[in-house]
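For reference, the structure discussed in these notes is given below.
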Amino acid sequence: MKGILGRKVGMTQVFTKDGKLIPVTVVEVEPNVVMQVKTNEKNGYSAIQLGVFEKKEKNASKAELGNAKKANTTPKRFLKEIRDFEGTYNVGDAISVEVFENGDVVDVTGTSKGKGFQGVIKRHNQSRGPMGHGSHYHRGPGSMGTMLPKRVLKGKALPGHMGDETVTIQNLEVVEVNAAENYMLISGNIPGAKNSLVLIKAAVKNNRKKDVKEVIEYTVETVVDEVETDQKVDAEEVTEVTEEETNEVEAKEEDK
Numbered sequence: 001m002k003g004i005l006g007r008k009v010g011m012t013q014v015f016t017k018d019g020k021l022i023p024v025t026v027v028e029v030e031p032n033v034v035m036q037v038k039t040n041e042k043n044g045y046s047a048i049q050l051g052v053f054e055k056k057e058k059n060a061s062k063a064e065l066g067n068a069k070k071a072n073t074t075p076k077r078f079l080k081e082i083r084d085f086e087g088t089y090n091v092g093d094a095i096s097v098e099v100f101e102n103g104d105v106v107d108v109t110g111t112s113k114g115k116g117f118q119g120v121i122k123r124h125n126q127s128r129g130p131m132g133h134g135s136h137y138h139r140g141p142g143s144m145g146t147m148l149p150k151r152v153l154k155g156k157a158l159p160g161h162m163g164d165e166t167v168t169i170q171n172l173e174v175v176e177v178n179a180a181e182n183y184m185l186i187s188g189n190i191p192g193a194k195n196s197l198v199l200i201k202a203a204v205k206n207n208r209k210k211d212v213k214e215v216i217e218y219t220v221e222t223v224v225d226e227v228e229t230d231q232k233v234d235a236e237e238v239t240e241v242t243e244e245e246t247n248e249v250e251a252k253e254e255d256k
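Sequential numbering from 1 applies to the sequence shown in the working numbering.
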């Protein structure tokens with residue numbers, strides 16, 4: 001098992017060299033620091049604890065400060081344990097986004113957007129009642145259950161708090177990994193709002209073949225150069241047309 005922690009930046013789209021458009025989510029992945037190493041002999045299970053994104057020391061507990069000092073780093077805001085991590089790591093080691101490659105299949109875990117208190121129609125996708133013709137039932141939760149037993153059975157869909165839950169989307173494909181800019185592109189959408197923290201792990205139920213997609217790299221400098229070139233061409237064309245029109249007008253005036 002391998003994994004890394006990151007921050008959801010937002011969604012965009014990229015083109016492959018064969019002309020396909022792929023919607024992707026951009027995830028910022030700074031180097032993760034190994035804060036703790038758990039072993040079977042000492043802790044009863046094998047895992048490493050990763051930390052990412054700095055946290056102010058005044059907001060950190062004594063335990064967090066102690067672990068950060070052992071790892072020779074600053075306290076981290078986002079901490080997660082990953083069991084049976086591939087490879088051997090020591091406290092203080094850094095894990096970069098290169099732990100994954102283009103074409104890898106991953107599971108992404110994040111916190112879904114909070115929707116507040118919602119009714120059964122939005123929360124559980126129930127149908128509403130008639131809105132007219134004398135109906136007095138519109139968006140209510142419906143029957144609470146049977147006559148016997150005289151109680152509401154477990155699992156009854158009722159209004160309540162919606163969202164703000166831990167959600168995992170499985171079998172998403174890594175489209176691109178950029179170690180220089182510390183980001184990765186993952187196909188499709190992932191749970192959470194912008195700037196929310198996410199955990200990316202190797203897929204548990206992966207039954208797909210590795211498919212490396214060649215993405216067209218289109219930098220900002222290239223766009224600026226093309227725009228400036230187009231503007232120069234347009235300006236030259238306008239200038240030539242203006243001179244020709246001026247000469248024609250002058251010739252007509254001389255004939256008169």
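Note that the Cβ used here is the ideal one computed from N, Cα and C, for glycine as well.
Going by DSSP, which residues form a beta bridge with residue i?
| i | result |
| --- | --- |
| Pro23 | Gln13 |
| Glu28 | Arg7 and Tyr183 |
| Asn178 | Tyr183 |
Please look up how many angstroms separate the CB atoms of residue i and residue j, rounded, as I've assumed it's under 8 Å.
| i | j | result |
| --- | --- | --- |
| Val108 | Thr168 | 7 Å |
| Ile101 | Val177 | The residue asked about is misnamed: residue 101 is Glu in this sequence, not Ile. At roughly 6 Å, the Cβ-Cβ gap stays under 8 Å, so Glu101 and Val177 are in contact. |
| Thr39 | Ile186 | Not a contact, Cβ separation roughly 31 Å. |
| Gly103 | Val174 | 7 Å |
| Val37 | Ile22 | Incorrect: roughly 37 Å between the Cβ atoms, too far for contact. |
For the alpha helix (DSSP H) that contains residue i, what are its first and last residues?
| i | result |
| --- | --- |
| Glu64 | Lys62 to Lys70 |
| Glu41 | Asn40 to Asn43 |
Just the Cα atoms here: how many angstroms apart are residue i and residue j?
| i | j | result |
| --- | --- | --- |
| His136 | Gly142 | 12 Å |
| Gln118 | Gly192 | 18 Å |
| Gly51 | Asn195 | 16 Å |
| Thr111 | Asn72 | 29 Å |
| Arg151 | Gly145 | 8 Å |
| Glu57 | His161 | 34 Å |
| Lys69 | Ala94 | 15 Å |
| Met11 | Lys42 | 42 Å |
| Ile4 | Met35 | 13 Å |
| Glu81 | Arg208 | 26 Å |
| Ile200 | Gly155 | 31 Å |
| Ala202 | Asn189 | 17 Å |
| Glu86 | Thr74 | 25 Å |
| Arg77 | Lys122 | 33 Å |
| Asn125 | Asn171 | 25 Å |
| Thr16 | Asn247 | 50 Å |
| Ala60 | Phe53 | 13 Å |
What are the start and end residues of the beta strand (DSSP E) that includes residue i?
| i | result |
| --- | --- |
| Glu54 | Ala47 to Glu54 |
| Lys201 | Leu197 to Ala202 |
| Gly192 | Neither: Gly192 is in no beta strand (DSSP E) and is coded neither H nor E. |
| Glu165 | Note, Glu165: premise wrong, no beta strand (DSSP E); not H, not E. |
For the ligand MG, is there any heavy atom lying closer than 8 Å to the beta carbon of residue i?
| i | result |
| --- | --- |
| Asp18 | Among the ligands in the structure shown, none appear at all, so the ligand MG cannot be discussed. |
**Study point:** Sequence ranges, alpha helix (DSSP H) only - wholly within the stretch 76 to 144, length at least 4
**Key:** 120 to 124
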